[in-house]
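Data first, discussion second: the structure below is written as structure tokens.
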Amino acid sequence: MIDSLELAPITAKPLAGQLVQHDGKKLTTIQEGLAYILIPFDAPTTLDTKASRAGTQEKQNVFYNPIQQYNRDLTVLAIRAFGEDFISRQKEKNQRNANRTAKKQHQQKRKRPDDSSQAESPTKKLKQVESFPSEVSPSSQPTLSSIIQSQMHKSDEIDDSFGDGGIADEDFLLAEQNARQAGVLAGSASQPVEAPVPKTVDIPPLQETKRQRSPHLQFRILDALSATGLRALRYVKEIPFVTSVTANDLLPAATAAIKLNIEHNALPDTMVIKTTTGNAITHMCSTHNGVPYSVVDLDPYGTAVPFLDSAVQAVADGGLLCVTCTDTAVFNSMGYLEKTYSQYGGLPVKGDFCHEAGLRLILHSISTAAGKYGISMEPLLSLSIDYYARVFVRLRKSPAEVKLAGGKAMIVYNCDHGCGSWTTQSFIRNQGKENKDGTLAFKHSAAQGPPAAPFCEHCGSKTHLAGPMYGGPLHNPVFIDRILSMLPDLDPQVYQTIGRIRGMLTTALEETSLYPVLDIPAEPKPKTVDNNTDNSGDDAEDSKSLIRFSRTPAQLLDPHPFYFEPSSLARIIRVMSPSRAQMQGALRHLGYKCVRTHAKAGTIKTNAPFSVLWDVMREYVKQKYPKAGQSLPKTSAGWKILHKGAVKNELPPSEWEEVMVDQAELQIVKRDNGWRVMRRRAAAGDEQATGGSEKPEIVFDEKLGKQEFDGGRGIVRYPQNPRENWGPMARAKPDPKMPRKD
Numbered sequence: 001m002i003d004s005l006e007l008a009p010i011t012a013k014p015l016a017g018q019l020v021q022h023d024g025k026k027l028t029t030i031q032e033g034l035a036y037i038l039i040p041f042d043a044p045t046t047l048d049t050k051a052s053r054a055g056t057q058e059k060q061n062v063f064y065n066p067i068q069q070y071n072r073d074l075t076v077l078a079i080r081a082f083g084e085d086f087i088s089r090q091k092e093k094n095q096r097n098a099n100r101t102a103k104k105q106h107q108q109k110r111k112r113p114d115d116s117s118q119a120e121s122p123t124k125k126l127k128q129v130e131s132f133p134s135e136v137s138p139s140s141q142p143t144l145s146s147i148i149q150s151q152m153h154k155s156d157e158i159d160d161s162f163g164d165g166g167i168a169d170e171d172f173l174l175a176e177q178n179a180r181q182a183g184v185l186a187g188s189a190s191q192p193v194e195a196p197v198p199k200t201v202d203i204p205p206l207q208e209t210k211r212q213r214s215p216h217l218q219f220r221i222l223d224a225l226s227a228t229g230l231r232a233l234r235y236v237k238e239i240p241f242v243t244s245v246t247a248n249d250l251l252p253a254a255t256a257a258i259k260l261n262i263e264h265n266a267l268p269d270t271m272v273i274k275t276t277t278g279n280a281i282t283h284m285c286s287t288h289n290g291v292p293y294s295v296v297d298l299d300p301y302g303t304a305v306p307f308l309d310s311a312v313q314a315v316a317d318g319g320l321l322c323v324t325c326t327d328t329a330v331f332n333s334m335g336y337l338e339k340t341y342s343q344y345g346g347l348p349v350k351g352d353f354c355h356e357a358g359l360r361l362i363l364h365s366i367s368t369a370a371g372k373y374g375i376s377m378e379p380l381l382s383l384s385i386d387y388y389a390r391v392f393v394r395l396r397k398s399p400a401e402v403k404l405a406g407g408k409a410m411i412v413y414n415c416d417h418g419c420g421s422w423t424t425q426s427f428i429r430n431q432g433k434e435n436k437d438g439t440l441a442f443k444h445s446a447a448q449g450p451p452a453a454p455f456c457e458h459c460g461s462k463t464h465l466a467g468p469m470y471g472g473p474l475h476n477p478v479f480i481d482r483i484l485s486m487l488p489d490l491d492p493q494v495y496q497t498i499g500r501i502r503g504m505l506t507t508a509l510e511e512t513s514l515y516p517v518l519d520i521p522a523e524p525k526p527k528t529v530d531n532n533t534d535n536s537g538d539d540a541e542d543s544k545s546l547i548r549f550s551r552t553p554a555q556l557l558d559p560h561p562f563y564f565e566p567s568s569l570a571r572i573i574r575v576m577s578p579s580r581a582q583m584q585g586a587l588r589h590l591g592y593k594c595v596r597t598h599a600k601a602g603t604i605k606t607n608a609p610f611s612v613l614w615d616v617m618r619e620y621v622k623q624k625y626p627k628a629g630q631s632l633p634k635t636s637a638g639w640k641i642l643h644k645g646a647v648k649n650e651l652p653p654s655e656w657e658e659v660m661v662d663q664a665e666l667q668i669v670k671r672d673n674g675w676r677v678m679r680r681r682a683a684a685g686d687e688q689a690t691g692g693s694e695k696p697e698i699v700f701d702e703k704l705g706k707q708e709f710d711g712g713r714g715i716v717r718y719p720q721n722p723r724e725n726w727g728p729m730a731r732a733k734p735d736p737k738m739p740r741k742d
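Going by UniProt numbering, the residue at position 206 of the sequence shown is 206; the numbering climbs one at a time, nothing skipped.
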């Protein structure tokens, strides 16, 4: 029993491990970052596997899992890095709109006639279709000021609807005149008809009314599935430029816990958290017609796909969408491929690179949901972490970029039963042509296919389809580098996962070196943004150069979307696996790039084709295990690769049966002439890899393979789990006595 003298009231200063009594309940204070939350004293924070299987472990009324502290630390830093860029762009956009408005007003002043001619000009008066009542109360009668405000609102809508590029002044004036006329007619239609009044109403010139704009920029965050409100509390306390955070949850018990945690943290008036109880989809759909959110964070228990359609509409133009999916058994494996297709719109892959393929399935579902509304998606950071996936994408209203989405949706032909090789194919070919003004114009056409034969060109095994999935870059290197530049100034007591963040983001940054046109950027100078300061003059230019990070080109594809595992290649030919240093040294000696991947330890991502990988493995077997292929059956993928007899050698038809699996597959190959296609593709691949008939020397240079990128030494890339049962916990169990609000 706990002595009642040890219990603190809810209004006491929060401390980690503090015991609090509230409404007759004993609660424990947990600190994460700068925020504190209260959980029941006896609530489990770890998973007891034996008790869970037996059904005796007590379930939480409000979900809290300490394993996701890394997720929350990373999200806070990602929003900080994104918010600086977002605020800088909003300031520039507001300044551009102000300049355009000033230019429009100046042109209208020059075209405005004198007062005498204006009084006699019939074009300055609008005819009334219906008459106004003769006796109307002052509160209900439309005044000139209210009409002007309505005109201003419609002018803003016209201005914003044409995007950042603006429209011609003549088109703008014509659209504005139509909006003024529609505004007056709409206002008159709502009035009852009692007696006639004069049939004309004089409308003052629009340029005489100043715009009433807020001097402060809004940066609003939605925690759509808030649970305890821990994320919302961390956002308002650790991100300096946040103006408000909305914490929403479906369960009234969760909303009550959020309000209790807000009270326990004793937030100042400048930190605003709004709590709502309701369906997250309904909340985000209702926000679509109001003020959108700068950031929407989706962290569900399971898949986030049901929330994507409403989430992309709730995010502001250029805003950030943060998505977590924990159903790895669905998007990372072939166990439930029918469910994967129904949820993510594509089929998963079977193989070592399933983690990265799962990320691309999630990104494809986001891109598809956003494209229906003319919104383009740019992945800033996509990570496969523990038992879940976490992606950060920037959404922009750009119908022109949406047209390029089909070129970044790809099908994968995967040799999952043989050697593990793969081939990709995009749905649409986006062919760019530079105009005279330096801009790119794209021509879209259907892709020619298939790029692969029915059987693998390396081992002759059957290939299977996967996808469609996202085929563009997973990361924005400048965004990652911005987060890494923040780490030296952070307090390790507040952000306890700094070491893992540095290791994983450094590895993700190295992955971007394989992109065709993107290079790893130099370290930017950190700068703090104050959303109350003006952006005029030289300070605006300095702010732009230090805070803004460039967008990834919308047409950019990732030609090397997946990684490989050397031990898997060795398992196919049944030899001991070469070390990572040996494999990387051999590939780098041939002139290819090699990096690690964040998704799985021991894997390599490279721009070398599979034909080169198997050449390296054949040379490795030749040097280390010259008798390795003698015990392999001729129908195995390993024998075909080592002897090149399955695909690349000229074999008479009488010997085809020895290397094919069954007669049915043999007939398909003969009928479709696929054998010649495979041989021709394999020969072309060999010639491209070697640069001619001479085969380059393969050297397993371990010293070259151990070379790391700058800043890659002394970091923890793949940390071990801190304790046993480090994984997902049971779903929060609502109190049956509490009513549920749908």
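Positions of the beta carbon are idealized from the N, C-alpha and C atoms, including for glycine.
- The beta carbons of D558 and Y515 sit closer together than 8 angstroms.
- Between K624 and A446, the alpha-carbon positions lie close to 47 angstroms from each other.
- When Cβ pairs closer than 8 angstroms are counted between the two stretches, the region 560-577 is seen to touch the region 597-605, the count reaching three or more.
- Residues of the same chain with a CB within less than 8 angstroms of the CB of C285, apart from the 5 flanking positions on each side, are S310, Q313, A314 in chain order.
- In this structure, I715 sits near G503, with a CB-CB distance shorter than 8 angstroms.
- Under the three-state reduction of DSSP, A12 is assigned to coil, being neither helix nor strand.
- Between the region 66-85 and the region 390-399 there are three or more inter-stretch CB-CB distances shorter than 8 angstroms, so the stretches are counted as touching.
- Around the beta-carbon of V291, fewer than 16 other beta-carbon atoms lie within 10 Å, marking it exposed.
- In the three-state reduction of the DSSP assignment, S333 falls in the coil class, being assigned neither a helical nor a strand state.
- Residues T303, A304, I362, A389 of the same chain have their beta carbon placed closer than 6 angstroms to that of C325, with the five preceding and five following residues left out of the count.
- Here the C-alpha atom of G449 lies approximately 50 angstroms from the C-alpha atom of Q496.
- Closest in C-alpha terms to G371, from the list G358, G432, A409, comes A409.
- W422 carries a strand assignment under DSSP once its states are collapsed to helix, strand and coil.
- Excluding sequence positions up to five before and after A466, its CB lies within less than 6 angstroms of the CB of L347, V349, V412, N414, all in the same chain and listed in chain order.
- Beta-bridge pairing by DSSP links H464 to N414.
- Residue range 35-40 is occupied by the beta strand (DSSP E) that includes P40.
- Judged by DSSP secondary structure, E434 falls within the beta strand (DSSP E) whose first and last residues are 428-434.
- The C-beta distance from G585 to L505 rounds to 26 angstroms, too long to meet the 8 angstroms contact threshold.
- In this structure F331 touches G358 by the C-beta definition: roughly 4 angstroms separates them, less than 8 angstroms.
- For the set K339, L308, V296, the Cα lying nearest the Cα of L321 is the one of V296.
- One thing to note: V612 has its Cβ within 8 angstroms of the Cβ of L590.
- In the DSSP assignment, D481 falls within the unbroken alpha helix (DSSP H) covering 477-486.
- Partner residues in the beta bridge of K443, as assigned by DSSP, are Q431.
- For H22, DSSP records a beta bridge to K25.
- Restricted to the region 278-351, the beta strand (DSSP E) segments that are unbroken, complete and at least 3 residues in length are 293-298, 315-325, listed in chain order.
- By alpha-carbon distance to K593, the top candidate from R551, K706, K640 is K706.
- Per the DSSP secondary-structure output, K397 pairs in a beta bridge with I375.
- Around the beta carbon of V76, a 10 Å sphere encloses 16 or more other beta carbons of the protein chains shown; the residue is thus reported as buried.
- Here the alpha carbon of S568 sits roughly 27 angstroms from the alpha carbon of Y341.
- Check the Cα spacing between K403 and each of A441, Y235, Q425: the tightest is with A441.
- The distance from the Cβ of H464 to that of S421 is about 12 angstroms, inconsistent with a contact at the 8 angstroms cut-off.
- Straight-line spacing of the CA atoms in K433 and L217 works out to 38 angstroms.
- Pairing A554 with S365 gives a Cβ-Cβ distance that is not under 8 angstroms.
- Taking a contact to require three or more Cβ pairs closer than 8 angstroms, the region 13-28 and the region 270-287 do not qualify as touching.
- Cβ neighbours of A581 within its own chain (closer than 7 angstroms, five residues either side excluded): E702, G705, K706.
- In this structure, the straight-line span from the alpha carbon of F41 to that of T512 is close to 46 angstroms.
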